[in-house]
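Right, one structure below, let's go through it.
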Amino acid sequence: MSQKTDLERLKKQRSSHRGQVTKLISKAENRLTNPDVEIDELEGLLIQLQTKDEQLKSIDSKIENVLDLTEIESEIEKIDEYNEDIVFTSV
Numbered sequence: 001m002s003q004k005t006d007l008e009r010l011k012k013q014r015s016s017h018r019g020q021v022t023k024l025i026s027k028a029e030n031r032l033t034n035p036d037v038e039i040d041e042l043e044g045l046l047i048q049l050q051t052k053d054e055q056l057k058s059i060d061s062k063i064e065n066v067l068d069l070t071e072i073e074s075e076i077e078k079i080d081e082y083n084e085d086i087v088f089t090s091v
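For the sequence shown, full-length UniProt numbering gives the first residue as 1, with consecutive numbering after it.
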């Protein structure tokens, strides 16, 4: 496969995982508004977020390896911004 095809495939994978992270964050925020929320449920959501974060980091690393040098800085900024969302939700 060409690097361009690899990059497109990796970005599609990342997009799918990011969509799942967005759903998990929304679910966690909704649960936090419920005063009767079970701690176990929140811990489960946190574990899922941490797992997705690890998967995204792996994909991001692969993306960085196939990017042109001119695209790396911009891509790293985007990755860092998205990772901040995960970290702040996990706290």
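Built from N, CA and C at the ideal position, the CB exists for glycine as well.
Using only the alpha-carbon positions, how far apart do residue i and residue j sit?
i	j	result
K27	F88	15 angstroms
Q20	K52	8 angstroms
Q13	K78	16 angstroms
T5	E81	25 angstroms
E8	E84	24 angstroms
I76	S15	15 angstroms
Please check if any C-beta of chain B sits within less than 8 angstroms of the C-beta of residue i.
i	result
R18	Among the chains of the structure shown, chain B does not appear; only one protein chain is present.
Leaving aside the five residues before and after residue i along the sequence, list all residues of the same chain whose C-beta is less than 8 angstroms from its C-beta, in chain order.
i	result
L10	I59, K62, I63, V66
H17	K52, Q55, L56, I59
L45	L24, K27, A28, R31
Let me make sure I understand the geometry here. Which of the options has the alpha-carbon closest to that of residue i?
i	options	result
I47	I86, S2, L7, Q3	I86
Between residue i and the rest of its own chain, which residues show a CB-CB distance below 7 angstroms, the 5 nearest in sequence each way excluded?
i	result
S2	none
(message) Would the stretch 60 to 67 count as touching the stretch 29 to 48 if we require 3 or more Cβ pairs under 8 angstroms?
(response) Cβ pair count under 8 angstroms is below three, so no.
(message) For the structure I just gave you, are there three or more beta carbon pairs, one from the stretch 39 to 48 and one from the stretch 68 to 75, closer than 8 angstroms?
(response) no
(request) For the stretch 19 to 88, list the alpha helix (DSSP H) runs that are entirely contained and at least 4 residues long, ordered along the chain. (result) As far as the stretch 19 to 88 is concerned, its whole alpha helix (DSSP H) runs of at least 4 residues are 39 to 66.
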